[in-house]
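Below you'll find the structure, written out as structure tokens, and then a few comments.
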Amino acid sequence: MLEVKEVTKEYGDRITALSNVSFELEKGEMAFLTGASGAGKSTLLRLIFREEFPTSGEISLGPYNLAELPKSKIPDLRRHLGYVFQDFRLISERTAFENVALPLEVAGKALRYIRKRVDEAMKQVGVWQRRNSYPRQLSGGEAQRVALARAIANEPLLLLADEPTGNLDMKNSRDLFELFCKLNLQGATVIVATHQVAMASEFGKRILHLEDGILKQDKK
Amino acid sequence: MRYLIKTIAEIRRASRHQPLSIFGTIITILLAMLLPGLFWLAANNLTAVEKKLKANMTVDVFLVDDTSQAKIEKLRGELLSLEGVSDVIFYSERDALFKIRESFGQDIIQDLDDNPLPASFSLVVDDTVLEPETADSLVAHLSALDQVEEVVFAREILYRFSGITDSIKRFGIVIAVLVILSGIFISANTVRVAITDRREVVEIMQVVGASRTYIMTPFVLLGGLLGLIGTALSAVLLRLIDEYVSNNLVELQFLNLHEIIAFILTGLLLGMLGALLATRKFLKI
Ligand SMILES: Nc1ncnc2c1ncn2[C@@H]1O[C@H](COP(=O)(O)OP(=O)(O)O)[C@@H](O)[C@H]1O
Ligand SMILES: [Mg+2]
Numbered sequence: 003m004l005e006v007k008e009v010t011k012e013y014g015d016r017i018t019a020l021s022n023v024s025f026e027l028e029k030g031e032m033a034f035l036t037g038a039s040g041a042g043k044s045t046l047l048r049l050i051f052r053e054e055f056p057t058s059g060e061i062s063l064g065p066y067n068l069a070e071l072p073k074s075k076i077p078d079l080r081r082h083l084g085y086v087f088q089d090f091r092l093i094s095e096r097t098a099f100e101n102v103a104l105p106l107e108v109a110g111k112a113l114r115y116i117r118k119r120v121d122e123a124m125k126q127v128g129v130w131q132r133r134n135s136y137p138r139q140l141s142g143g144e145a146q147r148v149a150l151a152r153a154i155a156n157e158p159l160l161l162l163a164d165e166p167t168g169n170l171d172m173k174n175s176r177d178l179f180e181l182f183c184k185l186n187l188q189g190a191t192v193i194v195a196t197h198q199v200a201m202a203s204e205f206g207k208r209i210l211h212l213e214d215g216i217l218k219q220d221k222k
Numbered sequence: 466m467r468y469l470i471k472t473i474a475e476i477r478r479a480s481r482h483q484p485l486s487i488f489g490t491i492i493t494i495l496l497a498m499l500l501p502g503l504f505w506l507a508a509n510n511l512t513a514v515e516k517k518l519k520a521n522m523t524v525d526v527f528l529v530d531d532t533s534q535a536k537i538e539k540l541r542g543e544l545l546s547l548e549g550v551s552d553v554i555f556y557s558e559r560d561a562l563f564k565i566r567e568s569f570g571q572d573i574i575q576d577l578d579d580n581p582l583p584a585s586f587s588l589v590v591d592d593t594v595l596e597p598e599t600a601d602s603l604v605a606h607l608s609a610l611d612q613v614e615e616v617v618f619a620r621e622i623l624y625r626f627s628g629i630t631d632s633i634k635r636f637g638i639v640i641a642v643l644v645i646l647s648g649i650f651i652s653a654n655t656v657r658v659a660i661t662d663r664r665e666v667v668e669i670m671q672v673v674g675a676s677r678t679y680i681m682t683p684f685v686l687l688g689g690l691l692g693l694i695g696t697a698l699s700a701v702l703l704r705l706i707d708e709y710v711s712n713n714l715v716e717l718q719f720l721n722l723h724e725i726i727a728f729i730l731t732g733l734l735l736g737m738l739g740a741l742l743a744t745r746k747f748l749k750i
């Protein structure tokens, strides 16, 4: 499903954020991408998200070969990806429901379908009761689950999360990780980047461990 | 439909967040577009006057004294057959006297026992003859005719007038280009502020796979609307100026419907173009 082949990413000629990273992720598989701050986790996710381009190496995702993907097709790629950020990135003047609806809206889906899918996604992550709240009325845990609902609303090929628990306490972090695992059990393909190596290893999922841009460990 | 709702939301937002910038943009476009508008109005009216002038243009062919009736008839035939001459009117010596009296009053030349005025033909000519070269050759040709004493073709005034009209048109086009360019710039600047204000939302839109068109449309329409409103108000003001001048100075004709539409569309387009440039630059595409 996801194939990362000998990917290197350099910033200028001094910083090598990723060095010859290779791995594959099957459909329905889940991995934690771990490593200390600065190890290159965000960089790898940004490359998969086609926000940046590798210096060398190739990434392909389902039917998309990112090296050959023209700029105009990037929105199309992203409609098949879900992305969760550390800082939630919800639109403050939209309700939780409207935030979750956004990816479906921009994809031009019919209103009835949108309503159905948003309800499903919000129920899946347990924030359906909060659908009419605005982001400022939500707790951190709730806000991140709304962001997660938004990321899965379009039933993505691959769900990416970059330090999704970075702004959450321990309890909420664990709950959120469990939620990712639950979504994975329901069929989602998932990569969660986190520097919380210990907590990540509690869930019995595959661990991709980066150190200074090098994939040091790939443990199933 | 969705675009429309989004656009309206974006415009309400922009006018709430940056009312001075929105208001200022409209006023600036209003005032800027007034300038080419006035030139257009002037050019149109001068062209109308020029047309009237052309239509009333005659060539007066004065005859030598005591030309016989037969020769007059022969000459009339010759004149009528000339290219560009559509009609020929004969004024006898007596007619000439009446004409003078009509314009200057009864008593003038009353005391003279002899009528010193010559008979003449007045030629009604069409546009082709008004070109400088054809006019010169016509005058030369007429002067050489038998029995012709003098040829008067007062066309310099027309040339001078056309010259002024042409300069005003040319100057107006230069002004219009400059104003349109600055209008594009003003719109671009305002829309850049509006989209920068929405930077976070735009980023989120891109993350969830919104196309460029989807993101750009409301902002481009915002720019278009600013141009449209500014120019429409400019047209209204132009109309008021036109009315004022007509009532107090000289009767002016206003732009016709097509011209008004073209004028306002120009505003719409320059607003949209500026917005397009600003959003493209912002989205780095
Ligand atoms: N846009 C950038 N320009 C220059 N250096 C960058 C850029 N993004 C990341 N880096 C560098 O690449 C390395 C990996 O960063 P990052 O992928 O953010 O690590 P992580 O997400 O694991 O904390 C770091 O040394 C960081 O400073
Ligand atoms: Mg990071």
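In order, the protein sequence lines correspond to chains U and Y. So the first sequence is numbered by our numbering: it starts at 3 and just counts up by one. So the second sequence is numbered by our numbering: it starts at 466 and just counts up by one. From the three backbone atoms N, C-alpha and C, an ideal C-beta is built for every residue, glycine too.
By the Cβ criterion, the segment 626-639 of chain Y is not in contact with the segment 214-222 of chain U, since fewer than three pairs of Cβ atoms, one from each stretch, lie closer than 8 Å. With respect to chain U, the C-beta atom of Y/ALA653 has no partner C-beta closer than 8 Å. The alpha carbon of U/VAL86 has as its nearest neighbour, out of U/GLY42, U/ILE61, U/ALA155 and U/PRO65, the alpha carbon of U/ALA155. Fully contained in the segment 510-586 of chain Y are the following beta strand (DSSP E) runs of length 3 or more, in chain order: 523-528 and 550-556. CA-to-CA, the gap between Y/PHE586 and Y/LEU595 works out to about 18 Å.
With a cutoff of 7 Å, U/SER175 does not count as near ligand 2, since its C-beta is closer than that to no heavy atom of the ligand.
The alpha-carbon of Y/VAL666 is positioned some 49 Å away from that of Y/TYR709. U/ARG208 sits in a strand when the DSSP states are folded into three classes.
Around the beta carbon of Y/MET466, fewer than 16 other beta carbons sit within 10 angstroms, so the residue counts as exposed. Taking Y/PRO501 as reference, the option from Y/GLN671, Y/ALA700 and Y/ALA675 with the minimal CA-CA separation is Y/ALA700.
Contact with chain Y is absent for U/ALA123, since none of that chain's Cβ atoms lies less than 8 Å from the residue's Cβ.
Taken in chain order, the members of the segment 658-673 of chain Y whose beta-carbon sits within less than 7 Å of a beta-carbon on chain U are VAL666, ILE669, MET670, VAL672 and VAL673. From the listed residues Y/LEU485, Y/ALA584, Y/ALA600 and Y/SER602, the smallest Cα separation to Y/LYS536 is found for Y/ALA584. Residues of the segment 473-488 of chain Y with a Cβ closer than 7 Å to any Cβ of chain U: none.
The beta carbon of Y/LEU562 sits closer than 6 Å to those of ASN580 and LEU582, all from its chain and outside the five residues before and after it, given in chain order. At the C-beta level, U/MET201 and U/PHE179 come within 8 Å of one another. Interface criterion met: the Cβ of U/VAL108 is under 8 Å from a Cβ in chain Y. Close partners of Y/TYR679 in chain U (Cβ separation under 7 Å): VAL108. Under a 10 Å Cβ-count criterion, U/TYR13 is classified as exposed, with fewer than 16 other Cβ atoms of the shown protein chains found around its own Cβ. Taking every protein chain shown into account, the CB of U/GLN139 has fewer than 16 other CB atoms within 10 angstroms, so this residue is exposed. Distance from the C-beta of U/ASP214 to the nearest heavy atom of ligand 2 is not below 7 Å.
Measuring C-alpha to C-alpha distances from Y/GLY739 to each of Y/LEU495, Y/GLY689 and Y/PHE636 identifies Y/GLY689 as the nearest.
For U/SER62, the uninterrupted beta strand (DSSP E) segment begins and ends at 58-63. Relative to the non-hydrogen atoms of ligand 1, the Cβ of Y/THR682 never comes closer than 7 Å to any of them.
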